[in-house]
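Have a look at the structure below before the remarks.
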């Protein structure tokens, strides 16, 4: 083992490889950073003779679309929440050996991307370094991901949305659809599937009378807020003065999505408006780089020694009400910002245009808010892919929280789901729900280690 990282997984030498005439076919659903990391690592493994694995990416909106603002989630102008050096090869302590790390750094690192000076980055590495090595904007990060995939992919990206995963002996069959066309069966059968992406936005329940149109005006979530930015601007412009008991803008949630939304609103002229953040704690905290916290991401030997309670506390400390310093600087300028300690229970709809938000405060008192603008930034559903699996019982497709937690605890070291209904299925890797294995596989923190874990399953 090298560096900190894969304590239970020995370094895999170059001579232990599969027959070159029998390549592994791996499908990746989503064309984001995890797909780029897997594609780059797969090419290096082929070049070093360790593993002949071919990656097919399924992405209907283009590589890096969720970072450009094409499909929601961002407008592309937010800064990355971590350092650019945490690129597709990081932490560069590969279970496949040092030569793989060297190739990844030489061919696919953030520095190499800037040194190549692609269109739009003609000033390259010097300009970025002189400016203080700031995290790139989301759109720039998407350019980097596109460059990685274009430089390393062995299969063309399938520009379609996966709608069905079906078991075919020990392999996966995939159906995908372009736009409104009929779903098409892919000719290739896959040894494994990797599911990535945040999934659809969670929704606060809407209580309405039978026959009443579901309200949508001035209601937004963590994804469509960015897609409907012009609507938000019109809403801000049209806002009149409200009574002292009514908040003009309400944001539900206090994680990264809520902070990005708040930062954007302030930049669009809402700095002095009354804004209420409804969350289960009454404060926002600044997230800074800490050597002790960072080690938990890159060194799994420490993570594995923590109790379940300590792991949960670690996640809560980093995700609940925590804002990166790059965002906090702008958030701190909001003069009318207040925090409401409570839980959003439901949206009570009186008509298609008249509604209120029911909130249970921390002291168990229920209050009704009637904002001019409501953004539900409570997060996304990382288990969104379950409905695509053909032949599953309905209970498995919509598991309760205890069942999901059992699946997370049973996840294998290669980030695939095991046990229960997963028995007999080909590998389905789900890094977005892999916190039991390690804290960084579902994020940008250790993309290189995530790729090692998944690809190591096929040696």
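In the working numbering, the protein residues as written are 257 to 715.
Every residue gets a Cβ at the ideal spot worked out from N, C-alpha and C, and that includes glycine.
Helix, strand or coil for residue 606, going by three-state DSSP, please let me know.
-> coil
Under 7 Å between C-beta atoms of residue 632 and residue 505 | no
Buried or exposed for residue 656, please, with buried defined as at least 16 other CB atoms from any protein chain shown within 10 angstroms of its CB.
-> exposed
Short Cβ contact (7 Å threshold) for residue 292 with residue 356 | no
Spatial neighbours of residue 453 in its chain, beta-carbon cut-off 6 Å, leaving aside the 5 residues before and after = 286
How long is the line joining the alpha carbons of residue 433 and residue 456, rounded to whole angstroms?
-> 18 Å
By a C-beta neighbour count over all protein chains shown, 10 Å radius and 16 as the cutoff for buried, is residue 469 buried or exposed?
-> exposed
Just the C-alpha distance for residue 473 and residue 621, rounded to the nearest angstrom, thanks.
-> 27 Å
Bridge partner(s) assigned by DSSP for residue 430 = 421
Through-space distance from residue 319 to residue 501, alpha-carbon basis = Unreliable placement is indicated for residue 501, whose pLDDT of 48 sits below 50; the coordinate value is still reported in the next sentence. Straight-line Cα distance between these residues: approximately 45 Å.
Round the Cβ separation of residue 436 and residue 315 to the nearest angstrom and send it over; I've been treating them as touching at under 8 Å.
-> That belief does not hold up - the Cβ atoms of residue 436 and residue 315 are roughly 18 Å apart, past 8 Å.
In chain order, what residues of the same chain lie with their CB nearer than 6 Å to the CB of residue 317, ignoring the 5 residues before and after it?
-> 326, 327
Of the residues 684, 691, 714, 692, the one placed nearest residue 429, counting alpha carbons only | 684
Buried or exposed by the 16-neighbour rule on C-beta atoms within 10 Å, applied to residue 701 | buried
Enumerated in chain order, which unbroken segments of the alpha helix (DSSP H) with a length of 4 residues or greater are wholly contained in the region 466–534?
-> 480–483, 485–494, 512–521
Straight-line CA distance for residue 301 to residue 313?
-> 18 Å
Evaluate contact between the region 698–715 and the region 659–677, counting only Cβ atoms and requiring at least three cross-stretch pairs below 8 Å.
-> yes
Does DSSP put residue 448 in a helix, a strand or coil?
-> strand
Tell me which same chain residues have a C-beta within less than 8 Å of the C-beta of residue 484, skipping the five on either side of it?
-> 476
Who pairs with residue 685 in a beta bridge, going by DSSP?
-> 450, 672
Between 371, 395, 375, 705, which lies nearest to residue 384 when the distance is taken from Cα to Cα?
-> 371
Thinking C-alpha only, which one of 666, 637, 677, 661 is nearest residue 646?
-> 677
Residue range of the unbroken alpha helix (DSSP H) whose run includes residue 396 | 394–408
Identify, in the order they occur along the chain, each residue of the same chain with its Cβ nearer than 8 Å to the Cβ of residue 624, setting aside the five sequence neighbours on each side.
-> 604, 612, 613, 614, 615
So is residue 430 in contact with chain C if we call contact Cβ pairs under 7 Å?
-> You won't find chain C in this structure, because it holds only one protein chain.
Reference residue 598, options 560, 554, 537, 638, closest by Cα | 537
Which word fits residue 571, buried or exposed, when buried means at least 16 other C-beta atoms lie within 10 angstroms of its C-beta?
-> exposed
Near residue 552, which residues of its chain fall below 7 Å by C-beta distance, leaving aside the five closest residues on each side in sequence?
-> 558, 559, 570, 695
At what residues does the alpha helix (DSSP H) containing residue 368 begin and finish?
-> 366–371
Contact belief for residue 609 with residue 391 at Cβ below 8 Å, rounded distance in angstroms = At roughly 40 Å, the Cβ-Cβ gap does not stay under 8 Å, so residue 609 and residue 391 are not in contact.
Going by DSSP, which residues form a beta bridge with residue 328?
-> 326
Beta strand (DSSP E) runs contained entirely in the region 548–632, provided each spans 3 or more residues | 578–580, 593–605, 611–617, 622–625, 629–632
Straight-line gap, residue 592 to residue 393 (C-alpha atoms, nearest Å) = 27 Å
Range covered by the alpha helix (DSSP H) that runs through residue 666 = 657–666
For residue 546, which of 338, 334, 617, 692 has the nearest alpha-carbon?
-> 338
With DSSP collapsed to three states, give me the class of residue 702.
-> coil
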